[in-house]
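This report refers to the structure that appears directly beneath it.
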Amino acid sequence: MMSNQKSTLLTEGVLWKRIIAFAIPLFLGNLFQQLYNTADSLIVGNFLGSNALAAVSSSGSLIFLLVGFFNGISMGAGVVIARFYGAKDNEKVQRSVHTTVAFGIFSGITLTIIGILLAPQILIWMGTPKDVLVNSIVYFRIYFLGSIAFVLYNIFVGILQSSGDSKHPLIYLIISSVVNIVLDLLFVGVFHLGVGSAALATIISQFTSAILCFIRLTKTTESYQIHIRKIKIDPSMLKQIISNGLPAGFQNSIISFANVIVQSNINRFGTMAVAGCGAYSKIEGFGFLPITCFALSLTTFISQNLGAKEYERAKKGAKFGVLCSILMAELVGICIYFLSPLLVSAFNSDPEVVAFGTAQARTVTLFYFLLAFSHCVAGILRGAGKSIVPMFVMMICWCVIRVTYITVIVKIVPAIHVIFWAYPLTWTLSSIVFLIYFLKVDWIHAFEKQTAYP
8 MMSNQKSTLL TEGVLWKRII AFAIPLFLGN LFQQLYNTAD SLIVGNFLGS NALAAVSSSG
68 SLIFLLVGFF NGISMGAGVV IARFYGAKDN EKVQRSVHTT VAFGIFSGIT LTIIGILLAP
128 QILIWMGTPK DVLVNSIVYF RIYFLGSIAF VLYNIFVGIL QSSGDSKHPL IYLIISSVVN
188 IVLDLLFVGV FHLGVGSAAL ATIISQFTSA ILCFIRLTKT TESYQIHIRK IKIDPSMLKQ
248 IISNGLPAGF QNSIISFANV IVQSNINRFG TMAVAGCGAY SKIEGFGFLP ITCFALSLTT
308 FISQNLGAKE YERAKKGAKF GVLCSILMAE LVGICIYFLS PLLVSAFNSD PEVVAFGTAQ
368 ARTVTLFYFL LAFSHCVAGI LRGAGKSIVP MFVMMICWCV IRVTYITVIV KIVPAIHVIF
428 WAYPLTWTLS SIVFLIYFLK VDWIHAFEKQ TAYP
């Protein structure tokens, strides 16, 4: 199969231009992703009030707990595909793509069953306030009816991005964001259908973007084209995907579990605290955009260049990406710090809600540079096939230490600010560990010693 790989290969051209050109659509795409994730909370909070906002917010950590594992596997698949694409090994690109899609279909079905069955009990374990529990269960169950769309969308986008195409996912995200916001306004604002309709709007928009991605992947002439009849599991390829993705999946789930514990402690401070912190979490999603887009860019960039044996280019790209992410993340953090009262009040103007959201923002936002460093180094190591390292670092720092800190300190000082400080403290620890590892270990040499892929 002939393909014009130069259009998306990150192994050629001016290094910084290729990284920026790839990262900008990722940034804009994540921006629109966050917009339609935020639309639920923004519209629900303004039309249905604080209790409904709390219901949507209380489900957030739990949703990512279940979705995060499968997204991690998708990241592993992207690393494998990017490496073969960078090496211009079209046959292995085909095998990895179709194995990933087959795995995604199975994962989506599994996630639907797990989400619907376990929602009530887990929300109860989290200590979700009784006055929002019923709405939280409704929102959660409807949301997970669209699990296969969420999983396949992330897989399709991962395939496109692993080949260096970040523009088409951006276009599809813009379309799905518009669909979601329009349906949110229609279902909640006009028809007053309740919080469940906000989840329904989200899954309809997600199906829209997944279908558009699928059409693109079946129509392209590139080596990563999907052929429906070829969708099946290749055992040797699945092993590679799992070995790269399982650490990231566990990492996402472990971090999400820690955040569920954090959310459980926030829940104890009442509905207004849940609503205020939920509003901040949506704002925080925008603050994380430069972090996530550069981390993902570095994973793809490193994967392609190591696959093509462009080792010096990989090293230079890693340094450039980390520096850009740190600077941009801190700039965004400073802006959110000063604008937080205005931003939180956009979700709900209740003074108590605004106070809780602002307090959390002004505790953590000035430390975004630490989060950026940790995520970028983790992205570099995943691209180099060392995904188990960030898994252990983040599991220890962001789960074990974070949960231990909250469990012990909140009993001594029962104040919500103590919970807020769990994030910058654990970001600091992970950054120190990653810095030591990055300076001491030659990750390029470690990659060269890996066994060749079958």
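In this text, residue positions in the sequence shown follow my numbering: the first is 8, and each later residue adds one.
C-beta atoms are modelled at their ideal positions from N, C-alpha and C, and glycine is treated no differently.
Keep in mind the model is a prediction, meaning the values are calculated, not measured.
Could you spell out the range, first to last residue, of the alpha helix (DSSP H) harbouring residue i?
{"i": "His424", "result": "423 to 427"}
{"i": "Trp405", "result": "No alpha helix (DSSP H) holds Trp405; DSSP gives it neither H nor E."}
{"i": "Phe198", "result": "Counting along the chain, Phe198 falls outside any alpha helix (DSSP H), and DSSP gives it neither H nor E."}
{"i": "Pro297", "result": "296 to 314"}
{"i": "Lys323", "result": "318 to 352"}
{"i": "Gly277", "result": "Looking at the DSSP string, Gly277 is not in any alpha helix (DSSP H), and its letter there is neither H nor E."}
{"i": "Asp191", "result": "174 to 191"}
{"i": "Ile120", "result": "97 to 132"}
{"i": "Val420", "result": "Careful: Val420 lies outside any alpha helix (DSSP H) and carries neither H nor E."}
{"i": "Asn355", "result": "No alpha helix (DSSP H) contains Asn355, which DSSP labels as neither H nor E."}
{"i": "Gly386", "result": "375 to 390"}
{"i": "Ser148", "result": "Sequence check: residue 148 is Arg here, not Ser. Looking at the DSSP string, the run of the alpha helix (DSSP H) that includes Arg148 is 137 to 151."}
{"i": "Ala156", "result": "154 to 169"}
Can you find the residues in the same chain that come closer than 8 Å, C-beta to C-beta, to residue i, ignoring five residues on each side of it along the sequence?
{"i": "Phe54", "result": "Val195, Gly196, His199"}
{"i": "Leu245", "result": "Thr106, Phe110"}
{"i": "Ala362", "result": "Gly283"}
{"i": "Ile123", "result": "Arg148, Phe151, Leu152"}
{"i": "Ile413", "result": "Ile268, Val269, Asn272, Val425, Ile426, Ala429"}
{"i": "Gly85", "result": "Gly165, Ile166, Gln168, Ser169, Thr306, Thr307, Ser310"}
{"i": "Asp357", "result": "Ser57, Met279, Ala282"}
{"i": "Lys239", "result": "His105, Thr106, Ala109"}
Quick test of your reading: residue i and residue j, contact by CB under 8 Å. State the CB separation rounded to the nearest angstrom.
{"i": "Leu305", "j": "Ala325", "result": "6 Å"}
{"i": "Tyr179", "j": "Leu219", "result": "4 Å"}
{"i": "Phe38", "j": "Phe354", "result": "Per the sequence shown, the amino acid found at residue 38 is Leu instead of Phe. Contact doesn't hold; Cβ gap of about 18 Å is too wide."}
{"i": "Ala61", "j": "Ala282", "result": "4 Å"}
{"i": "Pro32", "j": "Lys174", "result": "5 Å"}
{"i": "Gly171", "j": "Leu16", "result": "6 Å"}
{"i": "Asn259", "j": "Phe441", "result": "Rounded, the Cβ-Cβ distance is 17 Å, inconsistent with contact."}
{"i": "Gly52", "j": "Ala286", "result": "7 Å"}
{"i": "Ile248", "j": "Ile80", "result": "7 Å"}
{"i": "Ser216", "j": "Gln101", "result": "24 Å between Cβ atoms; not a contact."}
{"i": "Ala208", "j": "Asp191", "result": "5 Å"}
{"i": "Gly83", "j": "Gly201", "result": "So it is not a contact: roughly 38 Å between Cβ atoms."}
{"i": "Lys323", "j": "Leu22", "result": "6 Å"}
Identify, in the order they occur along the chain, each residue of the same chain with its Cβ nearer than 7 Å to the Cβ of residue i, setting aside the five sequence neighbours on each side.
{"i": "Met9", "result": "Low local confidence applies: a pLDDT of 39 at Met9 is under 50, so the model's placement there is unreliable, and no value is given."}
{"i": "Pro461", "result": "Reliability fails at Pro461, whose pLDDT of 43 lies under 50, so the model's placement of it is uncertain and the value that follows must be treated cautiously. Cβ within range, chain order: Ser243."}
{"i": "Cys383", "result": "Phe301, Ala302, Leu305, Gly328, Val329, Ser332"}
{"i": "Phe339", "result": "The sequence shown places Val at residue 339, not Phe. Answer for Val339: Gly294, Pro297, Tyr375, listed in chain order."}
{"i": "Gly503", "result": "Because the chain is modelled from 8 through 461, residue 503 falls outside the range shown and cannot be assessed."}
{"i": "Val417", "result": "Asn272, Val425, Ile426"}
{"i": "Val158", "result": "Phe77, Gly111, Ser114, Gly115, Leu118"}
Leaving out the 5 sequence neighbours to the left and right, which residues in its chain are closer than 6 Å to residue i when beta-carbon positions are compared?
{"i": "Thr514", "result": "What the structure shows of the chain is the stretch from 8 to 461, and residue 514 is not part of that stretch, so it cannot be assessed."}
{"i": "Gln232", "result": "none"}
{"i": "Pro254", "result": "Ser394, Ile395, Met398"}
{"i": "Ala379", "result": "Ile298, Ser332, Ile333, Ala336"}
{"i": "Lys24", "result": "none"}
{"i": "Lys99", "result": "Phe91"}
{"i": "Leu35", "result": "Leu177"}
{"i": "Thr372", "result": "Gly340, Ile343, Tyr344"}
{"i": "Pro431", "result": "Val371, Phe374"}
{"i": "Pro127", "result": "Ile144"}
Is any non-hydrogen atom of the ligand COA found closer than 7 Å to the C-beta of residue i, if you look at the structure I gave you?
{"i": "Gln40", "result": "Annotation note on the ligand COA: not contained in the displayed structure, which lists no ligands."}
Please confirm if residue i has its CB atom under 8 Å from at least one CB of chain C.
{"i": "Leu60", "result": "Of the protein chains in the structure, only one exists, and it is not chain C."}
Validate contact between the segment 167 to 185 and the segment 212 to 226 using beta carbons, cut 8 Å, 3 pairs: yes
Cβ contact check for the segment 380 to 389 and the segment 435 to 451: 3 or more pairs under 8 Å: yes
The segment 294 to 301 / the segment 271 to 285 touching (three or more Cβ pairs under 8 Å): When Cβ pairs closer than 8 Å are counted between the two stretches, the segment 294 to 301 is seen not to touch the segment 271 to 285, the count staying below three.
task: Decide if the segment 304 to 318 is in contact with the segment 86 to 93; the criterion is three or more beta carbon pairs, one per stretch, under 8 Å apart.
output: yes
field: At least three beta-carbon pairs within less than 8 Å, the segment 151 to 163 to the segment 114 to 130
entry: Three or more Cβ pairs drawn from the segment 151 to 163 and the segment 114 to 130 lie within less than 8 Å of each other, which places the two stretches in contact.
- request: Could you tell me whether the segment 363 to 382 touches the segment 419 to 434, where touching means 3 or more Cβ pairs closer than 8 Å?
  value: Taking 8 Å as the limit for Cβ pairs, the verdict is that the segment 419 to 434 does touch the segment 363 to 382.
field: Inter-stretch contact (C-beta, 8 Å, three-pair minimum) for the segment 425 to 438 and the segment 398 to 413
entry: yes
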